[in-house]
Amino acid sequence: MKTKEIRIAIPKNFSWDECLWYLDRNYNDCLFHISNRSITKLVPVNGKQLLLQVTGTNGELIISCLNEKLSATDVHEVRDHITEWLDLDRDIKPFYKLLKANDQLAFMAKAYAGLRLPGIPDMHEALCWCIIGQQINLTFAHTLKRRLTEQYGASVSHEGQIHYAFPSPEILAGLTVDELKLLQFSTRKAEYVIGVSQLMAEGTLSKEKLLQLGTYEERVASLVKVRGIGAWTANYVLMKSLRMMQSITYGDAGMNKALQNLAGFGKNPSAQQVDEYFKPFKGWEAYLVFYLWRTLS
DNA sequence: CCCCAGGGCCATA
DNA sequence: TATGGCCATGGG
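In terms of the numbering used here, the first sequence opens at residue 50 and continues consecutively.
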């Protein structure tokens, strides 16, 4: 069943080890498996759930599909998906130049050399993940995500292991608050997840519609109108799903903690303080947030 | 027992 | 507009 391997050349300033380390750090994520320096995950392509295995070697990423034969179109889509997921097309050298110009942050360019910002291409998944993660610790957030995914997500079994995809908007849109409370969602989280899923299932809210809005501010404003989406969630989603590099997750507990550790910030810095600190990193704010998170693990 | 976690809504003034 | 209570749960 194994199809021909797809190979993607590894760009400069990319480290597969850093990528693996970050994705595998401590939380037992339910949406991929890592073993032997390979990541295996389900990826929706052309209406199919492809079980892809990605391995980094010297100079290239090798991707194979474990459960389907790939058409030429599939191959093209897979290549695009992986490239976007791992942010392979970005030249991050300018970011490192900015890091090195900052005494407090210069160490990151070396310590985390080649670390890319992994995305969440599926905006529905990104939104739900944010809602789940609001105001609770990441360990419990991952527990909730796992329960939701194992209960309602599509799955593919391969060599004794079950691989899950995040549940579709249509499935979650049809749930009741009580069904999610059984998984230990709070009433609010349940309402938000169902509400967002309904908007996405009916097409009122979509990545495409968001992309049609020209500016960053318009996109934030559009997202924040939705119940359950505040400034933090909007920025997180623009960062991870639309890959907007100017995203700053204002109020983020992790980011604040890192700024406290590295830059002597107080517990709850204002948006203005954060903006001031980020000012030299124009166009790379999302990467700075991500590297700040990296210091916490 | 307390407080805080990769927040956001809602009531109140 | 600003502030405070509330939410579910686990860990320190």
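Think of the CB as a built atom: it goes at the ideal place given N, C-alpha and C, for glycine as much as any other residue.
Go ahead and pull the three-state DSSP assignment for residue i.
{"i": "Cys79", "result": "coil"}
{"i": "Ala335", "result": "helix"}
{"i": "Lys306", "result": "helix"}
{"i": "Pro93", "result": "strand"}
{"i": "Arg56", "result": "strand"}
{"i": "Thr104", "result": "strand"}
{"i": "Gln200", "result": "helix"}
{"i": "Met50", "result": "Unreliable placement is indicated for Met50, whose pLDDT of 48 sits below 50; no coordinate value is reported for it."}
{"i": "Ile112", "result": "strand"}
{"i": "Leu69", "result": "helix"}
{"i": "Ile297", "result": "coil"}
{"i": "Leu187", "result": "helix"}
{"i": "Leu99", "result": "strand"}
{"i": "Ala121", "result": "helix"}
{"i": "Trp342", "result": "helix"}
Nearest to residue i by CA position, among the options, is which residue?
{"i": "Pro167", "options": "Val323, His212, Asp73 and Thr122", "result": "Asp73"}
{"i": "Leu291", "options": "Val226, Ile169 and Ile185", "result": "Ile169"}
{"i": "Tyr213", "options": "Leu197, Val226, Asp227 and Pro60", "result": "Leu197"}
{"i": "Phe330", "options": "Arg165, Ile141, Gln102 and Thr236", "result": "Ile141"}
{"i": "Tyr285", "options": "Ala121, Val124, Leu176 and Lys159", "result": "Leu176"}
{"i": "Ile131", "options": "Lys146, Ile88, Val205 and Leu148", "result": "Ile88"}
{"i": "Tyr340", "options": "Leu148, Leu100 and Val92", "result": "Leu148"}
{"i": "Asn305", "options": "Lys289, Met288, Asp324 and Gln295", "result": "Asp324"}
{"i": "Asn310", "options": "His125, Trp342 and Thr282", "result": "Trp342"}
{"i": "Leu110", "options": "Lys61, Lys238, Asn95 and Gly279", "result": "Lys61"}
{"i": "Phe234", "options": "Ala203, Gln183 and Glu266", "result": "Gln183"}
{"i": "Gly277", "options": "Arg237, Lys256 and Ser296", "result": "Arg237"}
{"i": "Leu115", "options": "Leu308, Gly300, Ile83 and Leu101", "result": "Leu101"}
{"i": "Tyr299", "options": "Ile180, Arg86 and Ala335", "result": "Ala335"}
{"i": "Glu208", "options": "His82, Ser346 and Lys159", "result": "His82"}
{"i": "Leu187", "options": "Gln153, Asn75, Leu287 and His125", "result": "Asn75"}
{"i": "Trp333", "options": "Tyr145, Cys68 and Glu251", "result": "Tyr145"}
{"i": "Gly202", "options": "Asn85, Ala190, Ile220 and Leu287", "result": "Ile220"}
{"i": "Met293", "options": "Glu54, Val338 and Pro216", "result": "Val338"}
{"i": "Trp178", "options": "Thr225, Glu228, Ser120 and Ala239", "result": "Ala239"}
{"i": "Lys230", "options": "Ser246, Asn95 and Leu193", "result": "Leu193"}
{"i": "Ile185", "options": "Gln247, Lys97 and Ala302", "result": "Ala302"}
Rounded to whole angstroms, how far is the Cβ of residue i from the Cβ of residue j, which I believe are closer than 8 Å?
{"i": "Gly108", "j": "Ala58", "result": "7 Å"}
{"i": "Met249", "j": "His173", "result": "5 Å"}
{"i": "Val94", "j": "Asp123", "result": "6 Å"}
{"i": "Tyr241", "j": "Ile297", "result": "Actually they do not touch by this definition, with Cβ atoms about 22 Å apart."}
{"i": "Ile211", "j": "Ser204", "result": "5 Å"}
{"i": "Arg195", "j": "Cys79", "result": "4 Å"}
{"i": "Ser120", "j": "Glu54", "result": "Not confirmed; about 15 Å, so no contact."}
Self-check item: In chain order, each alpha helix (DSSP H) run of at least 4 residues that lies wholly inside the segment 205–282
Solution: Entirely contained in the segment 205–282, the alpha helix (DSSP H) runs reaching 4 residues are, in chain order, 218–222, 226–230, 236–251, 256–261 and 265–273.
Practice problem: Please list the segments of the alpha helix (DSSP H) lying wholly inside the segment 142–172, counting only runs of 4 or more residues, in order along the chain. | Solution: Runs found: 142–149 and 155–160.
Quiz item: On the three-pair Cβ rule with 8 Å, is the segment 129–141 touching the segment 311–323?
Solution: In short, these stretches do not touch, since the Cβ pair count stays below three.
Exercise. Examine the Cβ distances between the segment 265–276 and the segment 149–157 and report whether three or more of them are shorter than 8 Å.
Key: Too few Cβ pairs lie closer than 8 Å, so no.
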